[in-house]
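Its first residue numbered 41, the sequence shown is counted upward by one per residue in the numbering used here.
Yeah, the Cβ is synthetic: ideal placement off N, Cα and C, and Gly gets one too.
Okay, so here's the structure we're looking at.
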Amino acid sequence: MTGGAAYHPVGAALEEAYVLHGRALRDGTALEDTPRFGEEKWPLAPASLMAHQRGLTLNFDEVPPAYRHDLKKLVYAALSAELPAREQRPSIATVSGLFYNVAVFFRWLDTAHPGVAIPELGSATFEEYQRHLLLSPRTPMRRANLRRAVAYLWRYREALGTSALKLDPRTLPAWDERATRRTENSTLRIPEEVHTRLLVWATRFVDDFSPDIIAAYTQWQALRIRRHPRRRMARETDALIRSFIDETARSRRPLPAHNDAVNHMAIARMIGCDRLALHPHKDSLVTLGREVGVSNYAYLGIPIHGQLDGTAWIEGVTVEVGHPESLSRLTQTLQAACYILIAFLSGMRDSEIKHLRAGCLNVHLDANGSPYRWTVRSQAFKGEGDPMGTSAIWVIGEPAARAIRVLEQIQDSKGDDKQAWLFAAIRTGAGRGSAGRTGNPAMTSASTARQLQAFSKWVNDYCDPRRRRDTIPDVDGHPWRLSPSQFRRTLAWYIARRPGGSVAGAIAYRHHSIQMFEGYAGTSDSGFRAEVEAEQALARAENLLALIDREEHLTVSGPAATEARARLTALSKPQGFNGIVTTDRRRLMRILRRNDPQVYPSKYVTCVYDPRKALCHAAASSTPEKPGERDCKPLNCRNVALTSTNRQEWEQEIVRIDEQLRVRPKLPPALEARLRERQTMVRKLLDGPAEIEQ
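Written out as structure tokens, the structure reads:
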């Protein structure tokens, strides 16, 4: 629902005004249940529309009384009142940050210059505040945010009226701190040694362990229904208890335990009776426990089918709180595993992942009924302009699709609506967790971060006593601190390193331009882009060295085969790769820079680059130093040479086209003609003359 139109109440009317009247509200929320201007606490949860957003409460009691009313007017303007020209309505998260950051300034002002009014503040005061910030143990970005918030006292001066600033602090030379200006995304990339293990263990949980965890969760849900058993006659209840005791004694099945003692509550739920009904039989249960034993795993009693290295991955699933094999720990760990696969193999933001619901996955099938693409539908928020978000589609990897199926099974076993939030909190005990306390149906970003840390800890706690070597390693002597945004950043790194990666990244990340994605992946100023280019150059040098070591450069074919042999033979001479130790990467790079043969191995072709013949730069006004892999035209270009590996790829391409041409029903005539034309060109490349006259 949506509040009323923005307006400017004054006096008593202002005190009674609903501060969220100009905001869209969560479904089922009445404006009358939202805070008024005169109250000292303003809960923002009703206007926090993202499913994972926990609504914070603005507590004006924490603001010095001299500035409390002014800060209320500032925040009210940002929330619902009419904004100055050219100002856009800030998000709830921005408003929350504005409140806390301006409150920092007011607390400092109340101490440094008590009693001074906002209109009396001059350049000297702001320069003093800047010096205070520079001497405090804050990061440059945090200082920039604090200064940016203070500028709202000038930007919203019309709303503040007589309490507005008289000058714009952003115009003061001393107010600027150029080192804090962000030129790119500063999120850390997950180190390769960490994320490779994360992906391995996440895949194990989703593919191998999830059936056992889901079976245990389903069983737990069924047993919970017996928490309020139907009323029975005492004689009927007594007969059920005796039958349970006799059957347990015959089967020698252990009794459920709590702290190594017989768990009466668990037994009552298994039987479907009240716990007090077991009191007359307590001695018999103690004796039975001595005979058959007790077990933490008896209550749920599910068989373990998942294996790791040929043996059961755990002994069983318990409801014992805090136990590493408890249902609560395992369901949380499984949910974190699903998040890891989806986040890393989709490029989605945390807000977009948290809006995934059951039924969001779409599997695309080819003419043979085989899946070839997996897409998900969710809500996109950043840059969309609509606080409710915009429906959008992402292409994801197959393991991420399997993770979504696992989450759907968990939600289905919960008995919730089929459109349930996939990242709603999985509650296996008391409390609602981070999802639900303020109306947010999905887990918050902070809760997911804690869950990711717990995932790494669970893996290492599991590996240590078993002396496994596939733990998630520390970085610089400490566990790597995971956050949701790091997965998207890390994926950008890998996309940027691939040929045509900037285009692929712009599409996958829903950026409006290639330049935006490259800014996200990193700029040369940060070293990110330079690092990508250095690794690409090193990979090329190692590939060339491998060709020379195997003498495969002498057997290349294709239009540029002669030139390829000449260049690589020259590189193999003493001043080049001859006798080099392949582990000496720095020497390898020095040789490549000094004697670069301008040969670029890739999957389908080995480019023997000559800019005069390069079709990839046919429309370029200048002469580029390197081939444009994104615009490569391998079936027509005279710079092409083929190694045995390249030839294998093209031969497989012919086989794939044959398979497509054999499908029934037949392909449309135009598509069939294009495939046959491509197949003919590939065969011409493979079967044509070894080289073309240069």
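Cβ shell of residue i (< 8 Å), same chain only, five flanking positions each side left out
i: W215; result: F166, E167, Q170, R187, P209
i: P177; result: none
i: G473; result: Note that G473 scores 47 on pLDDT, short of 50, meaning its location in the model is unreliable; the coordinates nonetheless yield the value given after this. Taken in chain order, the residues that qualify are A465, R467, M483, S487.
Host beta strand (DSSP E) of residue i (start-end)
i: R696; result: Premise fails: R696 lies in the alpha helix (DSSP H), 684-701, not in any beta strand (DSSP E).
i: K81; result: 81-83
i: I436; result: 430-436
i: Q493; result: Segment 485-506 is the alpha helix (DSSP H) holding Q493; no beta strand (DSSP E) there.
i: H298; result: 295-298
i: T74; result: Neither: T74 is in no beta strand (DSSP E) and is coded neither H nor E.
i: C647; result: 646-648
i: T415; result: 411-420
Buried/exposed call for residue i, threshold 16 Cβ in 10 Å
i: E591; result: exposed
i: Q744; result: Not covered by the structure: residue 744. The range shown for the chain is 41 to 734.
i: P439; result: buried
i: K706; result: exposed
i: G329; result: buried
i: K112; result: buried
i: G387; result: buried
i: S291; result: exposed
i: H304; result: buried
i: M428; result: exposed
i: K81; result: exposed
i: M181; result: exposed
i: D727; result: exposed
i: L149; result: buried
i: V596; result: buried
Contact under 8 Å by Cβ, residue i with residue j
i: P104; j: R147; result: yes
i: G97; j: P83; result: A small correction: the amino acid at residue 97 is Thr; Gly does not occupy that position in the sequence shown. In contact: T97 and P83 (Cβ atoms closer than 8 Å).
i: V316; j: I307; result: Here the sequence assigns Leu to residue 316, which means Val is not the residue at that position. Cβ distance not < 8 Å, so L316 and I307 don't count as in contact.
i: L340; j: V326; result: no
i: I311; j: L280; result: yes
i: R607; j: P637; result: yes
i: P664; j: P674; result: no
i: I253; j: T371; result: yes
i: F384; j: T530; result: yes
i: R389; j: W461; result: no
i: A577; j: L632; result: yes
Where residue i falls: helix, strand or coil (DSSP)
i: V446; result: helix
i: P17; result: Examination of residue 17 is not possible in this model, given that the chain is present from 41 through 734 alone.
i: P678; result: One detail in the question is off: residue 678 reads as Arg in this sequence, not Pro. In this structure, R678 counts as coil in the three-state DSSP scheme.
i: Q128; result: coil
i: R389; result: coil
i: L348; result: strand
i: Y107; result: helix
i: H735; result: Residue 735 lies beyond the range of the chain shown here (41 to 734); nothing can be said about it.
i: T468; result: coil
i: I547; result: Model confidence at I547 stands at a pLDDT of 44, short of 50, so the residue's coordinates are unreliable; what they give is reported in the following sentence. In the structure shown, I547 sits in a helix (DSSP, three-state: H, G or I).
i: Q93; result: coil
i: S324; result: helix
i: A191; result: coil
i: W461; result: strand
i: N141; result: helix
i: A335; result: Residue identity check: residue 335 is Ser in the sequence provided, not Ala. S335 falls in the strand class under three-state DSSP.
i: N303; result: coil
i: R147; result: helix
i: S612; result: coil
i: L114; result: helix
i: N635; result: coil
i: V135; result: helix
Cβ neighbours of residue i in the same chain (closer than 6 Å, five flanking residues each side left out)
i: G668; result: C656, H657
i: P159; result: K206
i: R723; result: none
i: I444; result: L401
7 Å Cβ shell around residue i - same chain, five flanking residues per side excluded
i: N686; result: Y644, V645, T646
i: D796; result: The chain is shown only over 41 to 734; residue 796 falls outside these bounds and no answer can be derived.
i: A420; result: E392, G429, T430, A432, R550
Start-to-end residues for the alpha helix (DSSP H) that takes in residue i
i: W215; result: Careful: W215 lies outside any alpha helix (DSSP H) and carries neither H nor E.
i: P641; result: Per DSSP, P641 belongs to no alpha helix (DSSP H); it is in the beta strand (DSSP E), 639-641.
i: W520; result: From DSSP, W520 is part of no alpha helix (DSSP H); its letter is neither H nor E.
i: W241; result: 232-244
i: S250; result: 250-264
i: T277; result: 274-291
Below-8 Å beta-carbon distance, residue i vs any chain D residue
i: T258; result: Protein chains in the displayed structure number just one, and chain D is not present.
Near the ligand PLP: residue i beta-carbon under 7 Å from a heavy atom
i: Q719; result: In the structure shown, the ligand PLP is absent, as is every other ligand, since no ligand is present at all.
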